[in-house]
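Some notes on the structure that comes next.
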Amino acid sequence: VTVGVKRLPWVVVGFGLWVVLFLLGVHALLTRGPNLPAPPPPVPAPRGHLYAKDGTPLAVTLKEGRYYPLGESASQLLGFTERGSGRGLEGLERDLNASLSEGRAFTLTLDPWVQAMAEKALWEGLRRSRGAFATLIVLDREGQILAVANGPAFHPLAPRKDPDQDVSWRNHAFLVALEPGSTMKALTWSRAAYANHTFGQGFLVTPLHLAAAFSTLVDGLYRAPRLLLGQEARPTRVFSEATAKAVREALTLSLAPRGFVPGDRPLYTVVLAVHHPKGEIHGSQVAAPIFREVAAGLLAYAGIPPYAEER
Amino acid sequence: MRTALRMGLLYLLALLLLFALGHRNQMEKARLARLEVQLEVLSQREEALLKEGWEAAKPHRVLDWAKEQGFIPMSQGRWAP
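In the order they appear, the protein sequences are chains A and B. In this text, residue positions in the first sequence follow this note's numbering: the first is 1, and each later residue adds one. In this text, residue positions in the second sequence follow this note's numbering: the first is 1, and each later residue adds one.
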């Protein structure tokens with residue numbers, strides 16, 4: 001045997017040694033392999049953005065977190081998110097939370113210019129009337145929501161106060177019911193509404209409902225108000241076009257000659273409510289100046305020149 | 001002896017190659033780090049500029065400016081006494 005070993009060339013011995021060491025290494029790797037750190041979890045998609053109709057960003061995700069480029073404008077409608085987790089706590093941030101957290105973006109029917117005009121008039125009017133809170137909605141002919149203004153102003157990134165004491169974060173337009181009172185007379189005139197005798201003055205609707213009801217005076221069709229661009233309207237006829245026209249004419253000529261413009265071709269529906277005003281409490285003193293300012297702005301925005309009273 | 005010299009030269013060449021590769025690697029890493037810092041600075045600047053732009057073009061701000069300049073909606077005349 002020793003002769004045989006001596007005969008073996010050194011190369012073969014070396015190779016054999018190498019194979020043995022190699023196999024030992026493979027064995028060691030297989031039995032007690034290195035402990036690699038776990039791969040990092042996949043980065044979640046940044047929270048989706050919200051845009052206005054004209055593409056103005058309303059809520060965006062920046063490096064430091066959620067940011068609202070318009071600041072106090074439409075803040076009650078948009079809502080806000082939890083600081084740490086980014087979860088939506090109020091408003092659209094809460095309602096669309098599931099889709100937004102998957103990175104989906106939404107475009108609203110809001111018009112930031114109409115929104116700003118409405119808010120400026122509303123906040124100024126609220127300050128004048130020293131009311132508790134106020135709300136204003138603007139719909140267009142198609143039932144798209146152009147503005148949802150709420151007062152007092154609320155900044156979504158400012159430190160929050162006690163939510164029970166301070167109601168400025170609340171979207172009163174969609175939440176707080178009000179008694180429509182005599183504003184409903186315009187609608188109860190129509191034969192259809194008289195027929196089922198359900199309309200009276202002792203019921204509650206939100207400003208959004210009232211706006212939707214009033215915009216049936218455009219052409220007698222009810223369109224559910226829409227906030228997301230691309231939602232299709234499914235109009236239902238509630239009274240005839242002739243009735244709608246007659247009611248509009250009556251409003252234009254006799255009842256509210258200075259509060260229903262342009263009566264011949266309605267463009268926008270504005271619903272406005274000021275809660276608990278102090279001092280003057282009548283609509284003509286509290287709400288009318290606010291409406292006038294908003295309507296003036298809207299007509300200018302739509303490019304409709306003023307006409308003489310006795311045309 | 002000649003063989004030993006040749007092998008030694010080859011060894012030195014391989015060492016040189018390794019050194020060059022390592023150096024290149026380190027330079028690339030440093031450059032990447034610099035670029036990342038630059039990217040961070042630029043994206044912060046981009047966000048700051050975006051915020052500034054949004055702030056400047058806020059409808060509320062524009063309407064305040066228009067009021068200051070005396071631009072009143074012509075339709076106010078409709079309700080003039």
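No residue lacks a Cβ here, since even glycine has one placed at the ideal position from N, Cα and C.
- Cβ atoms of LEU228(A) and THR61(A) stay farther apart than 8 Å, at about 19 Å.
- For GLY48(A), the three-state secondary structure derived from DSSP is coil.
- In the DSSP assignment, ALA149(A) is bridged to LEU136(A).
- When secondary structure is reduced to three states using DSSP, ARG223(A) falls in the coil class, being assigned neither helix nor strand.
- The beta carbon of ALA118(A) sits closer than 7 Å to those of LEU136, VAL138, ALA147, ALA149 and VAL294, all from its chain and outside the five residues before and after it, given in chain order.
- In this structure, PHE80(A) sits near GLY91(A), with a CB-CB distance shorter than 9 Å.
- The beta-bridge partner set that DSSP reports for GLY65(A) consists of LEU62(A).
- Here LEU15(B) is exposed: its Cβ has fewer than 16 other Cβ atoms, across all protein chains shown, within 10 Å.
- A distance below 7 Å between beta-carbons, with the five flanking residues on each side excluded, links ASP219(A) to the following residues of its chain, in chain order: GLU241 and ALA244.
- Straight across, the Cα-Cα distance linking HIS209(A) with ALA52(A) is about 22 Å.
- Linking LEU89(A) to GLU249(A) through their CA atoms gives a straight-line distance of about 45 Å.
- Taking all protein chains in view, the Cβ of LEU299(A) is crowded by 16 or more other Cβ atoms within 10 Å, so the residue is classified as buried.
- A distance below 7 Å between beta-carbons, with the five flanking residues on each side excluded, links ALA132(A) to the following residues of its chain, in chain order: HIS275 and HIS276.
- If you compare the alpha carbons of ARG170(A), LEU267(A) and GLN165(A) with that of ALA211(A), the shortest gap goes to LEU267(A).
- Sequence-ordered contacts of the segment 29 to 47 of chain B with chain A read SER43, GLN44 and GLU47 [C-beta pairs closer than 8 Å].
- CA-CA distance, PRO112(A) to THR56(A), rounds to 8 Å.
- Judged by DSSP in its simplified three-state form, LEU110(A) adopts coil rather than helix or strand.
- At a cut-off of 9 Å, the C-beta of MET74(B) has a neighbouring C-beta in chain A.
- Counting of Cβ neighbours within 10 angstroms places ALA213(A) among the buried residues, the total reaching 16 or more.
- ARG61(B) carries a helical assignment under DSSP once its states are collapsed to helix, strand and coil.
- The shortest CA-to-CA distance from TRP54(B) to any of PRO180(A), GLU64(A), LEU23(A) and PRO69(A) is the one to PRO69(A).
- Here the alpha carbons of SER101(A) and LEU17(A) stand approximately 60 Å from one another.
- Contact of TRP65(B) with chain A is not assigned, every C-beta pair being separated by 9 Å or more.
- Contact with chain B is found for LYS63(A), since one of that chain's Cβ atoms lies less than 9 Å from the residue's Cβ.
- Neighbours of PRO69(A) across chain B, judged by C-beta separation under 7 Å: TRP54.
- The beta carbon of LYS53(A) does not come within 9 Å of any beta carbon belonging to chain B, so the residue lies off that interface.
- Taking 8 Å as the upper bound for CB-CB distance, ALA177(A) and THR206(A) are in contact here, some 5 Å apart.
- Against chain B, the beta carbon of TRP113(A) has neighbours under 7 Å at PRO59, listed in chain order.
- Partner residues in the beta bridge of LEU178(A), as assigned by DSSP, are VAL205(A).
- At a cut-off of 9 Å between beta carbons, PRO57(A) contacts chain B.
- Spanning the alpha carbons of GLY86(A) and GLY65(A) requires a straight line of approximately 8 Å.
- DSSP, reduced to helix, strand and coil, places VAL218(A) outside both helices and strands of the structure shown, so it counts as coil.
- Residue range 268 to 275 is occupied by the beta strand (DSSP E) that includes ALA273(A), with no alpha helix (DSSP H) assigned at that position.
- Within 8 Å of the CB of ALA121(A), no CB atom of chain B is found; the nearest one sits about 10 Å away.
- Going by DSSP, LYS245(A) is part of the alpha helix (DSSP H) stretching over 241 to 250.
- Beta-bridge partners of ARG237(A) (DSSP): LEU221(A).
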